[in-house]
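Asks:
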Amino acid sequence: MNAISASEIKTLRLSIYRYDPLKEEKPYMQDFDIDIPAEKDLMVLDVLMLAKEQDPSISFRRSCREGVCGSDGLNINGKNGLGCITPLSDAVKSNKLSIRPLPGLPVIKDLIVDMKQFVDQYKKVKPYLITDKKVDTRKAIPQTIEEREKLDGLYECIMCGCCSTACPSFWWNPDKFLGPAALLQAYRFIADSRDTATEERLEQLEDAFSVFRCHGIMNCVSVCPKGLNPTKAIGEIKKMLVKRAL
Amino acid sequence: MNSPRYLNLFKIALPLPGISSILHRISAVAIFVLSLPMMGILVFSLSSKANYEIIILLFENILFKSLFFLFITAIFYHFVSGLRHLVMDFGYWETLRAGRMSALATFISTGLFFFSFLFLAW
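Have a look at this one:
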């Protein structure tokens, strides 16, 4: 590897949320100076890895490093996103980068949060195909091109949790409001022509909290690293619930 | 589980529709709190000519007058923002771009209303 001259290096001031449950201290922000090649647009995850070289005790989740596994959901300079696909050119302001855990969820250590509440809400929507007993599920259930197209923008969710943890309704009622990620999945199966449990699914959502706590503020759309639109899916569910009630 | 939760509302970025929604709620609280005293003042002013004169004097107090202007502006903002939410309930303006534009429109219209009202009635 060729040596990089000092003029080609810029120093980034990185600030990371630290919390260790084994130490009796409150969470705090720890600062690092990270030298990065000036001509390279690193990803936030790369910078975290460089910080971990300075302090190996920093804890965070990561796996695929290409926006597929959804492990490294973080709050990056105030906005949720995946560390591995968020370039510094998008995230850094005034040469400063602050990284905190996903908001609202219990912190296990540093940037690692307990996703149980998020997953519990996901389970509630029964995120799997439900069919009549008379349908032979050993064979493929055919769909028309139009029926299949209805699932575009719904099935691509990678469950990173960026959307639900950016939603104030989920912060205040994480046990009652299902959150944008779970509701996107709920609509994914409601809209699926092969699923025969639409009525049961809608009935389960027909209370004051599960869906109707969404006030359309679009934080979820703003932060989704896959460019999905949970607000629109929630709107579709709301319309179906209203039609059903009339 | 006593784990901390990160939730610093001053550090978490909100898009324009989010700010619009928070202001919608704040305006609702302002309307709720101020409606009763404002109604009381209206009823009092209509009860006799002397009482009406008293309320006219009250409007010469800059603090009360400012509060009144804020109250009317809060009603206007709440109404416009409510209309925006109704439109979204019908399935329109549900993209992020449309959401930002419609939120911006509520801010601009409220600003225009406030300054027009200030200019015409102060």
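Chains as they are written, first to last, in the numbering used here: chain C, 1 to 246; chain F, 1001 to 1122. Glycine residues also receive a C-beta, built at the ideal position from the N, C-alpha and C atoms.
Any Cβ of chain F within less than 9 Å of the Cβ of Asp-114/C?
Replies: For Asp-114/C, the answer is yes, since a Cβ of chain F falls inside 9 Å of its Cβ.
Asks: Which residues bound the beta strand (DSSP E) around Gly-81/C?
Replies: 79-82
Asks: Between the stretch 142-149 of chain C and the stretch 103-117 of chain C, do at least 3 Cβ pairs fall closer than 8 Å?
Replies: No, the stretch 142-149 of chain C is not in contact with the stretch 103-117 of chain C.
Asks: Are Pro-230/C and Leu-184/C touching if we call contact CB-CB under 9 Å?
Replies: Yes; because the gap between Cβ atoms is below 9 Å, this pair is in contact.
Asks: Please list the partners that Asn-219/C has in chain F, where partner means a Cβ-to-Cβ separation under 7 Å.
Replies: Leu-1014, Pro-1015, Gly-1018
Asks: Going along the chain, which residues of its own chain have a beta-carbon closer than 7 Å to the beta-carbon of Tyr-1006/F, five neighbours each way excluded?
Replies: none
Asks: Give the secondary structure of Ile-16/C by DSSP, where H, G and I count as helix, E and B as strand, and everything else as coil.
Replies: strand
Asks: Considering Arg-1084/F, what are the terminal residues of the alpha helix (DSSP H) in which it resides?
Replies: 1062-1089
Asks: By Cβ distance, which residues of its chain are closer than 6 Å to His-1024/F, with the 5 residues on each side in sequence left out?
Replies: Ser-1081
Asks: So, are the CB atoms of Gly-86/C and Pro-174/C less than 9 Å apart?
Replies: The question names Gly, but residue 86/C is Thr in the sequence shown. The answer is no: Cβ separation not under 9 Å.
Asks: Taking the beta carbon of Asn-77/C as the centre, do at least 16 other beta carbons fall within 10 Å, making it buried, or is it exposed?
Replies: buried
Asks: Which of the three DSSP states, helix, strand or coil, is assigned to Met-29/C?
Replies: strand
Asks: To which residues does DSSP link Thr-11/C through a beta bridge?
Replies: Asp-35/C
Asks: Taking C-beta to C-beta, are Gly-73/C and Thr-165/C nearer than 9 Å?
Replies: yes
Asks: With DSSP run on the structure shown, which of helix, strand or coil describes Ser-57/C?
Replies: Correct three-state label for Ser-57/C: coil.
Asks: Would you kindly check if the distance between the Cβ of Gln-204/C and the Cβ of Val-119/C is under 9 Å?
Replies: The answer is no: Cβ separation not under 9 Å.
Asks: Indicate the three-state DSSP secondary structure (helix, strand or coil) for Pro-87/C in the structure shown.
Replies: strand
Asks: Taking the alpha-carbon positions, what's the Glu-1079/F to Lys-96/C distance?
Replies: Correcting the residue identity first, residue 1079/F is Phe in this sequence and not Glu. Near 40 Å, if we compare the C-alpha coordinates of Lys-96/C and Phe-1079/F.
Asks: Give the range of the alpha helix (DSSP H) segment to which Ser-98/C is assigned.
Replies: Premise fails: Ser-98/C lies in the beta strand (DSSP E), 96-100, not in any alpha helix (DSSP H).
Asks: Based on the DSSP output, what are the partners of Leu-74/C in its beta bridges?
Replies: For Leu-74/C, the pairing in a beta bridge is given by DSSP as Gly-81/C.
Asks: Given Thr-198/C, which residues of its chain have a CB within under 6 Å of its CB, disregarding the five upstream and five downstream residues?
Replies: Ile-190
Asks: Can you check whether the C-beta of Met-1038/F is within less than 9 Å of a C-beta belonging to chain C?
Replies: no
Asks: Do Asp-195/C and Leu-241/C have their C-beta atoms within less than 9 Å of each other?
Replies: no
Asks: Would you verify that the beta carbon of Arg-253/C is, or is not, closer than 9 Å to some beta carbon of chain F?
Replies: The requested residue 253/C does not occur in the structure, where chain C is confined to residues 1 to 246.
Asks: Taking 9 Å as the CB-CB limit, is Gly-235/C close to chain F?
Replies: Yes, because at least one Cβ of chain F sits closer than 9 Å to the Cβ of Gly-235/C.
Asks: Buried or exposed for Gln-250/C, going by 16 or more other Cβ atoms inside 10 Å?
Replies: What the structure shows of chain C is the stretch from 1 to 246, and residue 250/C is not part of that stretch, so it cannot be assessed.
Asks: Would you mind stating whether Pro-103/C and Ile-1012/F have Cβ atoms separated by less than 9 Å?
Replies: Remark: C-beta atoms of Pro-103/C and Ile-1012/F approach each other more closely than 9 Å.
Asks: So, with DSSP's three-state summary, where would you put Met-1/C?
Replies: With a pLDDT of only 43 at Met-1/C, under the threshold of 50, the placement of this residue in the model should not be trusted, and no figure is reported.
Asks: Can you tell me the Cα-Cα spacing of Ser-15/C and Gly-1099/F, whole angstroms?
Replies: 32 Å
Asks: What does Arg-1005/F pair with, by DSSP beta-bridge criteria?
Replies: When beta bridges are read from the DSSP output, Arg-1005/F appears opposite Pro-106/C.
Asks: Just the C-alpha distance for Ile-34/C and Ala-1121/F, rounded to the nearest angstrom, thanks.
Replies: 57 Å
Asks: Could you compute how far the alpha carbon of Phe-1010/F sits from the alpha carbon of Ser-98/C?
Replies: 13 Å
Asks: Run down chain C in chain order and give the residues with a C-beta less than 8 Å from the C-beta of Thr-1095/F.
Replies: Val-221, Asn-229, Lys-232
Asks: Does Tyr-19/C come within less than 9 Å of chain F when only Cβ atoms are used?
Replies: yes
Asks: Would you say Ala-38/C and Gln-121/C are within 9 Å of each other, going by their C-beta atoms?
Replies: no
Asks: With distance defined between alpha-carbon atoms, name the residue in Leu-1014/F, Asn-1008/F, Tyr-1052/F nearest to Val-221/C.
Replies: Leu-1014/F
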